[in-house]
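**Student:** Dropping the structure in here first, questions after.
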Amino acid sequence: MASAALSSLQVGCSKGFSEFSGLRSSSSALSFPKRSNDDFVSFVAFQTSVVGGDNKNKRGVVEAKLKVAINGFGRIGRNFLRCWHGRKDSPLDVIAINDTGGVKQASHLLKYDSTLGIFDADVKPVGTDGISVDGKVIQVVSDRNPANLPWKELGIDLVIEGTGVFVDRDGAGKHIQAGAKKVLITAPGKGDIPTYVVGVNADDYSHDDTIISNASCTTNCLAPFVKVLDQKFGIIKGTMTTTHSYTGDQRLLDASHRDLRRARAAALNIVPTSTGAAKAVALVLPQLKGKLNGIALRVPTPNVSVVDLVVQVEKKTFAEEVNAAFRESADNELKGILAVCDEPLVSVDFRCSDVSSTVDSSLTMVMGDDMVKVIAWYDNEWGYSQRVVDLADIVANNWK
Numbered sequence: 054m055a056s057a058a059l060s061s062l063q064v065g066c067s068k069g070f071s072e073f074s075g076l077r078s079s080s081s082a083l084s085f086p087k088r089s090n091d092d093f094v095s096f097v098a099f100q101t102s103v104v105g106g107d108n109k110n111k112r113g114v115v116e117a118k119l120k121v122a123i124n125g126f127g128r129i130g131r132n133f134l135r136c137w138h139g140r141k142d143s144p145l146d147v148i149a150i151n152d153t154g155g156v157k158q159a160s161h162l163l164k165y166d167s168t169l170g171i172f173d174a175d176v177k178p179v180g181t182d183g184i185s186v187d188g189k190v191i192q193v194v195s196d197r198n199p200a201n202l203p204w205k206e207l208g209i210d211l212v213i214e215g216t217g218v219f220v221d222r223d224g225a226g227k228h229i230q231a232g233a234k235k236v237l238i239t240a241p242g243k244g245d246i247p248t249y250v251v252g253v254n255a256d257d258y259s260h261d262d263t264i265i266s267n268a269s270c271t272t273n274c275l276a277p278f279v280k281v282l283d284q285k286f287g288i289i290k291g292t293m294t295t296t297h298s299y300t301g302d303q304r305l306l307d308a309s310h311r312d313l314r315r316a317r318a319a320a321l322n323i324v325p326t327s328t329g330a331a332k333a334v335a336l337v338l339p340q341l342k343g344k345l346n347g348i349a350l351r352v353p354t355p356n357v358s359v360v361d362l363v364v365q366v367e368k369k370t371f372a373e374e375v376n377a378a379f380r381e382s383a384d385n386e387l388k389g390i391l392a393v394c395d396e397p398l399v400s401v402d403f404r405c406s407d408v409s410s411t412v413d414s415s416l417t418m419v420m421g422d423d424m425v426k427v428i429a430w431y432d433n434e435w436g437y438s439q440r441v442v443d444l445a446d447i448v449a450n451n452w453k
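Number 453 marks the last residue of the sequence shown (my numbering); no jumps.
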């Protein structure tokens, strides 16, 4: 019998795949008549006017929400927008996208997705510099240099940095130079950028942090259940292997790449490569510094990945006790972040899973009484993007 955590995880499945994958209809956004005499920036500003006080003569879609821009409208950028669109009463308002592909491509790839399916929203281009999502107009700009973006003019509070390029303080700081107040990097940050994983250390977020990182998808999967293991049993040391779906950083056919293994055809090979996910756990769980390491195996699937963790622990234990610890946390402090699955499922069954990690209970092993092996599934796009929205919500809720 599946655990309650898995039942919660799969609630949307019975309603059909499109609804589960964030392809939800929405009545939260209002459409407005065309204002032909206004330029586009004025129109977007009109939509995002704060509603409050004496507002009888004001109209707008949001009420005192954080103005958000997405930089890079690729896999994570589009997943983020779908996740945000599917939430009610969000404290965020996405008003701009920076993408070099143009509005026709941005709207088409948002509407039609080979992994997520067709977006159940009315998506269409608006002129040459905007897209409409259920009547909500979002400005689209195109500049490869973040310092040149119109963030000050648009009053952007938070930039979701989704290119994977501007991940250090100098690069992400260009958004601040352009007028944005804060930046959330959807990748591991470099240097001294604070890293947060929802469910692990996000409660430590400080409004004083101008640039923050949401870590990687694998760290978001690994850290929650590693936290449980360390709290309950004490981790001495361990290794991790993530069997990871291929990504856009690999080659479709053999071609040049700085990583000679990633240069090989992604859809034809198992590709061993590096990952900093295990070491990065120490950024959110400092007590584990130097205790974890790992590698990645990129495989010919487009989405969903699985972590295989083996650790030596201080407290003697057995498999059922380990799974019980995960269930307890999944039902309490890690609800919505961690789940436990008792069914014999495969990777596609975890597509569009909202949680960060799902422990496969039947695969939990204990060798002797101190070597623990845990297998956990994660949707490396959708689940991760849900945590980006969560962290952005935390930024909004702590705004000063």
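Backbone N, C-alpha and C fix where the C-beta goes; we use that ideal spot for every residue, glycine too.
Being a predicted model, the structure only gives us computed values, none of them experimental.
1. With distances taken from CA atoms, which of Thr153, Asp187 and Lys157 is nearest Arg135?
2. Helix, strand or coil for Cys394, going by three-state DSSP, please let me know.
3. For Ser160, does the three-state DSSP call read helix, strand or coil?
4. According to the neighbour-count rule (16 or more other Cβ atoms, all chains shown, within 10 Å of its Cβ), is Gln284 buried or exposed?
5. Does the pairing of the region 247-255 with the region 265-273 give three or more beta-carbon distances under 8 Å?
6. Suppose only complete runs of 3+ residues qualify. What are the beta strand (DSSP E) ranges in the region 211-241, listed by chain order?
7. Taking Cβ to Cβ, would you say Ala392 is nearer than 7 Å to Ala383?
8. Answer yes or no: do Val202 and Asn151 have a C-beta to C-beta separation smaller than 7 Å?
9. Kindly list the residues whose CB is nearer than 6 Å to the CB of Met424, restricted to its own chain and excluding five residues on each side of it in sequence; keep chain order.
10. Helix, strand or coil: how does DSSP classify Gly291 here?
11. Could you check the C-alpha separation between Leu313 and Asn322 for me, to the nearest Å?
12. In terms of residues, what are the limits of the alpha helix (DSSP H) holding Ile129?
13. Short of 8 Å in beta carbon distance, which residues of its chain neighbour Val156, apart from the five on each side in sequence? Order them along the chain.
14. Could you tell me how far apart the beta carbons of Asp307 and Ala316 are, in whole angstroms, since I believe they sit closer than 8 Å?
15. Measuring alpha carbon to alpha carbon, tell me which residue in Trp137, Arg140, Ala174 and Ile238 is nearest Asp262.
16. Does DSSP put Leu119 in a helix, in a strand, or in coil?
17. Just to confirm the assignment, what range does the alpha helix (DSSP H) spanning Ser438 have?
18. Below 7 Å CB to CB, which residues in the same chain sit around Thr153 once its five sequence neighbours on both sides are set aside?
19. Mapping DSSP to helix, strand and coil, what is Thr271?
20. Note down the Cα distance separating His310 from Arg351, rounded to an integer number of angstroms.
21. In the structure shown, what three-state DSSP assignment does Lys453 receive?
22. For Val364, which three-state DSSP category applies?
23. Which same chain residues end up closer than 8 Å to Gly343 when comparing Cβ atoms and leaving out the 5 residues on each side of it in sequence?
24. By Cβ distance, which residues of its chain are closer than 7 Å to Leu346, with the 5 residues on each side in sequence left out?
25. Report yes or no: do the region 219-232 and the region 132-148 share at least 3 C-beta pairs separated by less than 8 Å?
26. Does the beta-carbon distance from Ala372 to Val419 come in below 7 Å?
**Tutor:** In brief:
1. Here the question's residue 135 lines up with position 82 in the sequence shown. Taking each of Thr153, Asp187 and Lys157 in turn and checking the Cα distance to Arg135, the smallest one comes out for Asp187.
2. Within the sequence shown, numbered from 1, the residue matching residue 394 stands at position 341. DSSP places Cys394 in strand when its eight states are reduced to three.
3. In the sequence shown, the residue the question calls residue 160 occupies position 107. Three-state result, Ser160: helix.
4. Translated into the one-based positions of the sequence shown, residue 284 becomes position 231. Exposed: under 16 other Cβ atoms inside 10 Å.
5. Short answer: they touch.
6. Listed in chain order, the complete beta strand (DSSP E) runs (minimum 3 residues) inside the region 211-241 are 211-214 and 235-238.
7. Within the sequence shown, numbered from 1, the residue matching residue 392 stands at position 339. Within the sequence shown, numbered from 1, the residue matching residue 383 stands at position 330. Going by beta carbons, Ala392 and Ala383 fall inside the 7 Å limit.
8. Start at 1 with the first residue of the sequence shown, and residue 202 comes out as number 149. Start at 1 with the first residue of the sequence shown, and residue 151 comes out as number 98. With the sequence shown as reference, residue 202 is identified as Leu, and Val is not the correct amino acid for it. Yes, the pair counts as a contact, with Cβ atoms nearer than the cut-off.
9. Numbered from 1 along the sequence shown, position 371 holds the residue referred to as residue 424. Gln365.
10. Along the sequence shown, one-based indexing puts residue 291 at 238. Strand at Gly291.
11. For the purposes of this step, residue 313 is identified with residue 260 of the sequence shown, where counting begins at 1. For the purposes of this step, residue 322 is identified with residue 269 of the sequence shown, where counting begins at 1. About 13 Å.
12. Within the sequence shown, residue 129 is the residue found at index 76, counting from 1. DSSP places Ile129 in the uninterrupted alpha helix (DSSP H) bounded by Arg128 to His138.
13. If you number the sequence shown from 1, residue 156 lands on position 103. Apart from sequence neighbours up to five positions away, the residues of its chain that approach Val156 with a beta-carbon distance below 8 Å are Pro178, Val179, Gly180, Thr181, Asp182, Gly183, Ile184 and Val193, ordered along the chain.
14. Here residue 307 is taken as the residue at index 254 of the sequence shown, counted from 1. Here residue 316 is taken as the residue at index 263 of the sequence shown, counted from 1. Rounded, the Cβ-Cβ distance is 6 Å, consistent with contact.
15. As a working note, residue 262 is residue 209 in the sequence shown. Answer by Cα proximity: Ile238.
16. As a first step, residue 119 is located in the sequence shown; it is residue number 66 there, counting from the start. The DSSP-derived three-state label of Leu119 is strand.
17. Along the sequence shown, one-based indexing puts residue 438 at 385. Its alpha helix (DSSP H) spans residues Trp435 to Asn450.
18. Indexing the sequence shown from 1 puts residue 153 at position 100. Sequence-distant Cβ neighbours of Thr153 in its own chain, meaning closer than 7 Å and more than five residues away, are Ser195 and Arg197.
19. Taking the first residue of the sequence shown as position 1, residue 271 is located at position 218. DSSP places Thr271 in helix when its eight states are reduced to three.
20. Position 257 of the sequence shown, counted from the first residue, corresponds to residue 310. Position 298 of the sequence shown, counted from the first residue, corresponds to residue 351. It is roughly 15 Å from the alpha-carbon of His310 to the alpha-carbon of Arg351.
21. What you label residue 453 is simply residue 400 of the sequence shown in a count that begins at 1. Residue state, collapsed to three classes: coil.
22. Within the sequence shown, residue 364 is the residue found at index 311, counting from 1. Strand.
23. Walking along the sequence shown from the start, residue 343 turns up at place 290. Ala335, listed in sequence order.
24. Here residue 346 is taken as the residue at index 293 of the sequence shown, counted from 1. Note that residue 346 corresponds to Asn in the displayed sequence, not to Leu. These residues qualify, in order along the chain: Thr292, Ala331 and Lys332.
25. Verdict: no, contact absent.
26. Taking the first residue of the sequence shown as position 1, residue 372 is located at position 319. Taking the first residue of the sequence shown as position 1, residue 419 is located at position 366. Yes, the Cβ-Cβ distance between Ala372 and Val419 is below 7 Å.
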